[in-house]
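Chains as they are written, first to last, in full-length UniProt numbering: chain A, 1 to 293; chain B, 1 to 197; chain C, 1 to 798. What follows is one structure encoded as structure tokens, with my remarks underneath.
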Amino acid sequence: MKPAPLTCHSPTTLDEAVRLLHDLGPEAKVIAGGQSLVPVLNMRLATPAHLVDITGLPGLDEIRVSAEAVEVGALVTHRRLEQDDAAHAALPLLRQALVNVAHPAIRNRGTTVGSLAHADPNGEMPMILALTGGSVTAASVRGERTITASELFVGPMETVLEPDEILVSARFGRFAEGTRTAFTELTRRSGDYALAGAALALQVSDGQLRTARMGFVSVTELPDALDLTELVAGRPASTSADIAEAVVERVTEHIAPESDIHATADYRRHLTGVLARRLLTELTADIPARGAA
Amino acid sequence: MTTDNAPGTYDLEAGRERTQPVALTVNGVEHRLDIPGRRLLSDALRHDLGLTGTHVGCEHGVCGACTVLLDGQPVRSCLIFAATVQGREITTVEGIGDDPEHPSPVQQAFIDSHALQCGFCTPGFITTIEAFLAENPDPSREEAREAISGNLCRCTGYQNIVTAVCRAAELKRAAGRATAGCAGCPGSGTAAGEEQP
Amino acid sequence: MTTRMFGQRIKRREDPRLVTGNGRYVDDLGTGALEAAFVRSPHAHARILDIDVSGALDVPGVVAVWTYEDLVGKLAEPLPMLLPHPAIEAPVTGHVLAKDEVNHVGEAIVMVIADDRYLAEDAASRIEVEYEFRDAVVGIEAARDGAALVHEEAPGNIAAHLVQEVGDAPGRIASAAHVLELDLDIERSASMPMEGKGVLARWNREDGSLRVHSSTQTSTGVRAALAARLDLPLNKVDVITPDVGGGFGVKINHPWPEELALGAAAKVLEREVKWTEDRREHFISSAHERQQLQRVRVGFDDDGRIAGLDVQFWHDNGAYLPYGVIVPLNTSTHILGPYDLPDYRVEYYSLYTNTVIVTPYRGAGRPQAAYLMERTMDAVADYLGRDRTEVRRRNFVREFPHPIGLTMQDGREGIYDSGDYDTSLDKLKALVGWDDFADYRREAEAAGRRVGLGIGCYVESTGAGPYEGGHIEIETTGRVNVATGLTSQGQAHQTVLAQIVADELGVPIEMVSVTTGDTRKMGYSVGTWGSRGAVMSGNAVHLTAKKVKQKALAVAGRSLEVDPADLEIVDGIVRVKGDPKAQMPLAMVSVLSNPLRYAFDDTARAATQFAGKQDETKPPIAESDKPGLEDSDFYSPVRSTFASGMHAAIVETDPETADIRILRYCVVHDCGPMINPMVVEGQVHGGVAQGVGGALYEKMAYDSSGQLLNASFMDFLMPFAAEVPEIETDHLETPSPLNPLGIKGAGEAGTIPVSAVIASAVEDAEGFPITRMPISPPELWELRRRHDAGEWPSLRRG
């Protein structure tokens, strides 16, 4: 299990990097952390002739928190983002999800933006981008463009990125005030891909549910988010158990799980429903009935 | 699926593969190598630098036998091209301690706790635990177990490795002060059940 | 006074090297050696029509490309059938490189040797093989059906068929008060050591000798195979087993095609060549184990006393049968467990399939046996509404020796030599809190939790022959060099064998060093398998140490002019009992044991011809004696010794997700007196962890065309630390009367009953039978659905 022959390029500026990608054509691939790419190369399931290593590019290793978003540079590792307190304060969902990404040794090298480019619907972070209404910025010789999550993912492991584009950053949108979030997934072993996973962003004010959005891992074709607001809006948080049935029904309609060697589609559908119900319970359990406290 | 991209990387006249210069800093020593762009860090360490303590167990990043420290953080050396970590500080098990007569605290803890059998996965655990204890010098048994849950061991059943993590913490602390204890960690051979009814 | 080492928790003498990166595994050796890669079949069943290697030759650094056509002489013959047995009806083995057909995905077809592994893989990827496809036979049902055949010469895909019978099981069942029938299923897992296989071969042109390092469980076996197939004199071949990164059975099969191919290549190319198996290769071209379908008929009385047991099972042996019927034979001969069942009949079929070969994996057929018997015991207990431990106790063997009337894998009758199953069960019940579990379950249920308690018992024949040997030499420095032929893969042989020798010779353990698996040091050996290392080599070095000690006392007696019977050795000093002043270091005894003409140092001077007085009427070396303080001896047992154990587990199953968690795991283990309890517990922990893998996580997922869908650590779910419970252990030490040390084997024990235990616990939690293992959350959930729909029965306990 050794990669096929390749040339490793190490540009030192973004201009140089995009120029290389453009000139080398489709036989070149971008590598940052490489934690998804290198296993594929080692198994020779992909055999690019060139790798453009972007880890030496300046300015791509920043985490910026603004009022609207947490912006993450292409070289920020999962682990750094997970441990970044400002990012956590601004968008707790990031850490909630990131601790589920593989094992720490993978998170130490793998980049969050890289996992978005990989676009694996079994991965946690593409879903988080979708759930937060986020976007990415891609650079090429033609300049930069911003692509929203809903545009970015077009199939399993498939994005609208051109072969000569580099994702330079991702922008995870912050939720409106009063939004609480939780992430849960069931894996066979610690660090494995989830049999199913889900995240919920639930906006609550005055003991009432306002908006709800849910995202899923391993049970959808594309990383996307499901808006559940119409089911919850205006309902007292204390009645979440009553609406759980409707939520589960809506969720199981929305997802499209597939059978594989680890689980049947039926099981994944059932499990996703259980996880959805648990998320709803978790996020409403401590909310006092309206008027109290 | 496989495309023939070899012509660019083979030097057919010389009858070998083209190489590129790669500077690696390993265990505090800078090495200048001339190696192909596809050389995995694990192979560069083992074959080009002769640091065979880093082991290769799966070459797809799951088993953790090849774990080394990159700027102090554990990473899989089989998932990194040597050419992409120039200028970074790499620490292998030999960098943590290469003298059987004077093992490091983590290494000594493995000996004390019977935390290895065949020893193949051990270097990956030792590098992982070294970094973990730097972040969490006084872990609970549960934290210790979680910390090693990204490395496969087929021999020990992990129990004694968990004990070794706590024992290593104890040894490291003992180096700093006179007494130390590790709550919840029994001595080698006995076991603490989780959630005993 | 020297402390007795036997029984002490001596820290391992292997460890300082291994923890500091100074271990030396095969791939750590042979810097600069050429490296091999193999073209392996991507198809499960096909004829090979043509092989075009021309593309490979364009890759720089390629030194050789071999197909079957390049194999000469005996190298071209089928690989050996290592373990002939009368039950084998159609013995088929593979070739070093596929001859004209392939029978499983992963079978080696072409060997490429190049400057390094990267280039060898490049070349291998450019080799084109043209195939004519055949129907693949995958799974026991397809094999049993026999519509498609793996091998023409094996009609019905039957490799072997055996009936073993004692008493009259069918008759006793017919007249029994109650009869139950069970259909059981257990799937494939694999040894999966962290280090795959590996071979480094070097040909020495000057003296025409071959030296091979192999990551094997039998260096003597590999040596004999290499000599035979390469037509070399045995004394021109040496096989050395360096540090080995785990074996668990898969490395006992030999010669692997790669061992012969690399040996031959080294000789032909006159270059050092190396092959390091990668993980994918290990999945698709080494060996798996476990898969069986089992059918049980059991008759019993109102108390749960079993009247008769009639068993049929079908064993999937994969594409070839190099290791004979050892696995199904171990199943058929271990089903009786700790129970006294005089009326037993077993019939098995070992079947070919187009999948990776099946050879022993830790437990080697015994986990399937324990699974069958313990599922049966639970079913009987449930049927009668009795406590599961009471039904077991009702059937225990209590008198020893207890002959079972079955011929074991060593060709000898199984006779339980000793054991104490009642005490084991008492200890287990106390350890797990068996009698308090009902209260615990009630509390858990009140909190909405679902828990279950399971149990599994087993016996294991260990320490099978034919023999192992020891060689001990005491150097003139006093250093004690011990060699035994079997190999080490983490069992602490260098520690426990040193403990035994240190005790017998009366020397500090620091003075003892042990070499294993090096045919240069010990050419006679069988190998490391079947929980035999400590029993066989332990007793062998013990016997050898006795001989060397006698010699030391004789030499010292002559020098000190005392009767050797009045001498003892303490802390490396030979001294007169009761007169500590009359003494001599063992180092000096070693000097004196080798009369010298030449003094090369001060120590040696004491042994030269003019040093001290001599009895000129006698030759310097007595007629019956040999120079040097060294000797060899061998231990060869009459039959295997039976270890035993009982496990219990408490599991929790999530009422919604069907996730299964082991809350507690308890082991009572009896392998006789423990040489080093720390090491024994380590073996138990590791064994249980592999058992947990086999019970809840690991299976080989083949599709119907014979593709292994999970040939990676991503998808073959070997447990991490988070998945393995803390293991609570208690021990009995019932000595074996069969060997001088009274010991029994421990290596496989931990693994054997785990699938039975977990099935028992999950069944107890769920209230319906579990008949197929391993079990995953999705599978448990599916069973619940079928149970809710009335398609799957409930336990009777209600």
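Don't be surprised by glycine CBs; every beta carbon is placed ideally from N, CA and C.
Best match in the options for proximity to residue i [C-alpha to C-alpha]
i	options	result
B/Ser140	B/Arg167, B/Leu79 and B/Leu12	B/Arg167
C/Ile252	C/Leu309, C/Gly324, C/Glu270 and C/Glu281	C/Gly324
C/Thr423	C/Val451, C/Gly691, C/His402 and C/Cys457	C/Cys457
A/Arg268	A/Thr187, A/Ser238 and A/Arg210	A/Thr187
C/Ile775	C/Thr67, C/Asp185 and C/Pro619	C/Asp185
C/Leu486	C/Gln292, C/Ser215 and C/Asp387	C/Ser215
C/Thr495	C/Asp625, C/Ala534 and C/Ala265	C/Ala534
A/Thr112	A/Thr137, A/Ala90 and A/Leu75	A/Leu75
C/Ala265	C/Val507, C/Pro403 and C/Leu210	C/Leu210
8 Å Cβ cutoff, residue i in contact with chain C
i	result
residue 364 of chain A	This structure cannot settle anything about residue 364 of chain A, because the visible part of chain A is limited to 1 through 293.
B/Pro36	yes
B/Phe120	yes
B/Asn136	no
B/Cys63	yes
B/Thr3	Confidence at B/Thr3 is low in this model, with a pLDDT of 42, below 50, so its placement is unreliable and the value that follows should be read with caution. Chain C contact via Cβ: absent.
Chain-ordered chain A contacts of residue i [CB-CB under 7 Å]
i	result
C/Trp781	Tyr267 and His270
B/Gly150	His103, Pro104, Ala105 and Gly191
C/Glu656	Val274
Below-8 Å beta-carbon distance, residue i vs any chain B residue
i	result
C/Tyr697	no
C/Phe6	no
A/Leu6	yes
residue 299 of chain A	With chain A covering 1 to 293 only, the question about residue 299 of chain A has no answer from this structure.
C/Ser279	The sequence as given places Arg at residue 279 of chain C; Ser does not occur at that position. Interface residue, yes.
C/Val514	no
A/Val38	yes
A/Ala105	yes
A/Asn42	yes
Chain A contact for residue i (CB, 8 Å cutoff)
i	result
C/Ser125	yes
B/Gly15	no
B/Arg32	no
B/Glu59	yes
B/Asp11	no
B/Gly187	Its pLDDT being 42, under 50, B/Gly187 is placed unreliably in this model, and the value from its coordinates should be taken loosely. No - not a single Cβ of chain A is within 8 Å of the one on B/Gly187.
9 Å Cβ cut-off: residues of chain B touching residue i
i	result
A/Val52	Under the 9 Å cutoff, chain B gives no residues; its nearest Cβ is about 10 Å from A/Val52.
Partner residues on chain B for residue i, Cβ-Cβ distance less than 7 Å
i	result
C/Asp435	Near C/Asp435 there are no residues of chain B at all, since even the closest Cβ is about 12 Å away, more than 7 Å.
C/His685	Thr156, Gly157, Gln159 and Asn160
Within chain A, the residues that residue i reaches when beta carbons sit closer than 9 Å
i	result
C/Tyr118	Lys2, Pro3, Ala4 and Pro5
C/Asp122	Lys2, Ala4 and Pro5
Contact set between residue i and chain B, taken where Cβ atoms lie within less than 8 Å
i	result
C/Phe248	Arg154
A/Gly34	Leu79, Ile80, Phe81 and Thr84
A/Asn108	Leu70, Gln73, Pro74 and Val75
Neighbouring residues, chain C, relative to residue i (Cβ below 7 Å)
i	result
B/Ile126	Val19
Neighbour list for residue i in chain C, Cβ cutoff strictly below 9 Å
i	result
A/Ile189	For the sequence presented, residue 189 of chain A should be read as Arg rather than Ile. Result: Tyr697, Leu717, Met718, Pro719, Phe720, Ala722 and Glu723.
*Using a Cβ-Cβ cut-off of less than 7 Å, give me the residues of the region 709-726 of chain C that come near chain A, in sequence order.*
Leu709, Asn710, Asp715, Leu717, Pro719, Phe720, Ala722 and Glu723
*Using a Cβ-Cβ cut-off of less than 8 Å, list which residues of the region 13-33 of chain C approach chain B; keep chain order.*
Glu14, Asp15, Pro16, Arg17, Leu18, Val19, Thr20, Gly21, Asn22, Gly23, Arg24, Tyr25, Asp27, Asp28 and Thr31
*Inter-stretch contact at 8 Å, needing at least 3 Cβ pairs: the region 199-212 of chain C / the region 367-376 of chain C*: no
_Three Cβ pairs or more, each shorter than 8 Å: is that satisfied between the region 189-196 of chain C and the region 280-294 of chain C?_
yes
*Any contact of the region 629-646 of chain C with the region 548-555 of chain C, i.e. 3+ C-beta pairs under 8 Å?*
yes
*Could you name the residues of the region 168-196 of chain C whose beta carbon sits closer than 9 Å to any beta carbon of chain B, in the order they occur along the chain?*
Ser191, Met192, Pro193, Met194, Glu195 and Gly196
*Output, in sequence order along the chain, the residues in the region 488-513 of chain C whose CB is closer than 9 Å to any CB in chain B.*
Ser488, Gln489, Gly490, Gln491 and Ala492
*Could you tell me whether the region 103-121 of chain C touches the region 20-39 of chain C, where touching means 3 or more Cβ pairs closer than 8 Å?*
yes
*Between the region 64-96 of chain C and chain B, which residues of the former have a C-beta closer than 9 Å to a C-beta of the latter?*
none
_Below 8 Å, how does it come out for the region 52-66 of chain A and the region 14-23 of chain A: are there three or more Cβ pairs, yes or no?_
yes
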